[in-house]
Amino acid sequence: MKYKLEVCCGSIEDALVAQKMKADRIEFNGGLELGGLTPSLGVFKKLRALVSLPIMVMIRPHNGMYHYSELDFEAMKDDARILLQEGADGIVFGFLTKQGKIDEDRVKTMVGIAQGKTTVFHKAIDETDDIEETLEALIRCKVDRVLLGGGLGKIEEHLEILADLQEKYGHEIELLPGGGVRKDLVLKVIQTTKIHQIHMTCKRLEINPKTKTIHYVVDEEILKEVQTLLNSII
Numbered sequence: 015m016k017y018k019l020e021v022c023c024g025s026i027e028d029a030l031v032a033q034k035m036k037a038d039r040i041e042f043n044g045g046l047e048l049g050g051l052t053p054s055l056g057v058f059k060k061l062r063a064l065v066s067l068p069i070m071v072m073i074r075p076h077n078g079m080y081h082y083s084e085l086d087f088e089a090m091k092d093d094a095r096i097l098l099q100e101g102a103d104g105i106v107f108g109f110l111t112k113q114g115k116i117d118e119d120r121v122k123t124m125v126g127i128a129q130g131k132t133t134v135f136h137k138a139i140d141e142t143d144d145i146e147e148t149l150e151a152l153i154r155c156k157v158d159r160v161l162l163g164g165g166l167g168k169i170e171e172h173l174e175i176l177a178d179l180q181e182k183y184g185h186e187i188e189l190l191p192g193g194g195v196r197k198d199l200v201l202k203v204i205q206t207t208k209i210h211q212i213h214m215t216c217k218r219l220e221i222n223p224k225t226k227t228i229h230y231v232v233d234e235e236i237l238k239e240v241q242t243l244l245n246s247i248i
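Going by the numbering used here, the final residue of the sequence shown carries number 248, and the count climbs one at a time with no gaps.
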C-alpha cells in the first residue's frame with residue numbers, strides 16, 4: 015500500500031526540497047506564518063516551471079475569518095482562474111457563513127471554476143459545529159478532498175473521530191489529515207485513522223536575529239525521516 019505525502023510549501027525552495035525527497039504532491043502557499051495565503055503569480059509561474067509534482071494552490075486573500083466580503087470573493091475567483099490557467103493542478107479554499115456553517119453557494123462556484131481539476135476544502139471545516147454535516151455538504155458540492163484535523167485543538171486528540179469519518183465518508187470524498195502533524199505522530203495518525211495520505215509541513219523555524227520574525231522552511235532531513243516512516247508501514 016502506497017501512503018501519500020502532501021507537503022505544505024511556502025517557497026520555491028521548499029517545493030524543490032519536496033520534489034527531491036519524492037513527496038507525492040505539494041500544497042503551495044504564500045505567508046505560511048499567517049496560516050497560508052494565495053501566492054503571487056510571479057512566484058507560482060517560476061515554481062510551475064521547475065516542479066513536476068502536482069501542485070494544489072491556496073486561495074486565501076488574508077488571514078482571519080473564513081467569511082469573506084464580496085470584494086474578497088471576486089478576487090479569490092480571479093486568483094483561482096488565473097492560477098489554474100497557469101498550471102495549478104488544483105485549488106484549496108474554504109468558505110463559511112457568518113453563522114460558521116459551510117457556504118455551499120461559494121463552494122459550488124469554486125468547484126465550477128476548477129473545471130474538473132482537483133478541489134480541496136481546507137481546515138475551515140474544523141471550525142464548524144458539525145463536521146459530519148459539513149462533509150455531507152462538501153460531497154453534495156462535489157469537492158474532491160478535505161484537509162482536516164477532526165476539530166479544533168491538536169490532531170492527536172481527534173484520531174478516533176477521523177477514523178470514524180473515514181469509515182463513513184471515505185468512499186465519497188478524500189480525507190486528508192493535517193494540521194500540527196509532527197514526525198513522531200505520523201505512524202499513529204496513519205494507523206489509527208486508516209487514511210492512506212497525510213499533510214505535513216516538515217518544517218523548521220528560522221528566526222531573523224534582528225527583528226525576531228519567524229520564517230518556516232521545509233527541512234530536508236525531517237522530510238526524509240517521514241518518508242522512511244511511511245515506507246515502513248506494512
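Note that beta-carbon positions come from the ideal geometry of N, C-alpha and C, so glycine has one too.
Rounded straight-line distance, which links the Cα of residue j to that of residue i
i	j	result
Gln241	Gly165	26 Å
Glu239	Leu199	12 Å
Glu88	Thr123	11 Å
Gly163	Lys137	7 Å
Val231	Ser54	18 Å
Gly49	Met72	10 Å
Ile212	Ile221	27 Å
Lys168	Gly194	7 Å
Gln33	Arg39	8 Å
Ile153	Gly44	28 Å
Ala128	Lys224	43 Å
Ala63	His229	24 Å
Ile187	Ile145	13 Å
Ala94	Arg74	10 Å
Ile249	Pro68	Lying outside 15 to 248, the shown extent of the chain, residue 249 is not represented and no answer is given.
Lys226	Leu219	11 Å
Gly12	Asp158	One cannot answer for residue 12 here, as it falls past the ends of the chain, which runs 15 to 248.
Ile105	Asn245	28 Å
Val125	Leu98	12 Å
Asp178	Gly78	29 Å
Tyr17	Gln180	15 Å
Thr52	Leu85	15 Å
Where residue i falls: helix, strand or coil (DSSP)
i	result
Leu19	strand
Phe42	strand
Tyr183	helix
Leu166	coil
Pro200	Per the sequence shown, the amino acid found at residue 200 is Val instead of Pro. Here Val200 sits in helix by DSSP.
Leu51	strand
Met214	strand
Lys224	coil
Asp144	coil
Lys208	coil
Met90	helix
Ala29	helix
Whole-number beta carbon distance between residue j and residue i, since they are thought to touch under 8 Å
i	j	result
Val21	Cys216	6 Å
Leu237	Ile209	Not confirmed; about 19 Å, so no contact.
Met214	Leu19	7 Å
Thr132	Asp103	6 Å
Asp117	Phe109	4 Å
CB of residue i within 8 Å of CB of residue j, strictly
i	j	result
Tyr80	Met90	no
Thr142	Lys115	yes
Thr207	Leu243	no
Ile175	Val160	no
Lys59	Glu100	yes
Glu41	Met70	yes
Val121	Cys155	yes
Val57	Ile96	no
Glu171	Val31	no
Residues that DSSP places opposite residue i in a beta bridge
i	result
Tyr230	Leu219
Arg159	Val134, Glu188
Met72	Val106
Ile116	Leu110
Residue-level contact to chain B via CB, residue i, 8 Å cutoff
i	result
Asp86	In the structure shown, chain B cannot be found, because there is only a single protein chain.
Residue i CB to nearest heavy atom of the ligand ATP below 7 Å
i	result
Lys137	This structure lacks the ligand ATP; in fact it carries no ligand of any kind.
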